[in-house]
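Novice: Heads up, the sequence shown is in UniProt numbering, so the first residue is 1 and it goes up one at a time.
Right, I'll just put the structure down here and ask away after.
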Amino acid sequence: MMSLIWAVLDDAIFSAIPAVGFAMVFNVPRRFLPYCALAGALGHGSRTLWLSAGLPIEWATFLAAALVGVVTIGFAKRHLAPPLMYAVAAIIPMIPGTYAFNTVIALVQLTAQSHVSAELTTEVISNGLKTVFILGALSVGLAMPSLLYFRSRPII
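Here it is, written out as structure tokens:
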């Protein structure tokens, strides 16, 4: 149990750093940088927690992105700023770069061979679909709280 807490804290701390870095790239005002770091740490840390609970990475990413969406709406209401100012920087550390990289490498290896390899084809399809589903989970998970919160009509 203690190792899980340390793993989540470690992941949260080391994901807050790129969240602040990307917020600086996007010219977020300096006074809002700690909130971007907090949103990034909460998102990535919660994804690590849900992954350790046994959820697939796509669902864990969806839930973490939804949490980031809810938290950034709260920050936006408090500071009268757009929620995307916090959310984009917080979501970027969860982009599936490893899966996309492995897809491209396997695709290059597949095209360099004279015959089609079943292992490389499986790797391309598996990593490619995982990349697409994680990106979809990020976008839908981030958009859903805003769509529900800023509704002009009642749901029912």
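By construction, the Cβ of each residue, glycine as well, lies at the ideal position given by its N, Cα and C atoms.
Taking the runs of the alpha helix (DSSP H) that are 4 residues or longer, which of them lie wholly in the stretch 63-97?
Specialist: With a minimum length of 4 residues, the continuous alpha helix (DSSP H) runs that stay inside the stretch 63-97 are 84-91.
Novice: Would you check if the stretch 67-85 and the stretch 39-50 touch, i.e. whether three or more CB-CB distances between them fall below 8 Å?
Specialist: With a cut-off of 8 Å, the stretch 67-85 and the stretch 39-50 count as touching, because enough Cβ pairs lie within range.
Novice: Please work out which residues of its chain come closer than 8 Å, Cβ to Cβ, to L4, disregarding the five sequence neighbours upstream and downstream, and give them in chain order.
Specialist: Cβ neighbours of L4 beyond the five flanking positions: L49 and S52.
Novice: Under DSSP, the alpha helix (DSSP H) around V25 begins and ends at which residues?
Specialist: It spans M2 to V25 - the alpha helix (DSSP H) in which V25 sits, taken as one unbroken run.
Novice: A87: which of Y99, M94, T72 and F22 sits nearest, CA to CA?
Specialist: The option with the nearest alpha carbon to A87 is T72.
Novice: Using three-state DSSP, classify P145 as helix, strand or coil.
Specialist: Helix, per DSSP.
Novice: Are F62 and A12 closer than 8 Å when you measure CB to CB?
Specialist: Result no, Cβ atoms of F62 and A12 do not sit closer than 8 Å.
Novice: Going by other Cβ atoms of all chains shown within 10 Å of its Cβ, with 16 needed for buried, is I125 buried or exposed?
Specialist: Answer is exposed; the Cβ neighbour count stays below 16.
Novice: Under a three-way DSSP split, which group does H44 fall into?
Specialist: Correct three-state label for H44: helix.
Novice: Residues in its own chain within less than 7 Å of L120 by CB, not counting five upstream and five downstream?
Specialist: A106, Q109 and L110.
Novice: Should residue 191 go down as buried or exposed, given a rule of 16 or more other Cβ atoms within 10 Å for buried?
Specialist: Outside the displayed span of the chain (1 to 156) sits residue 191, for which this structure offers no information.
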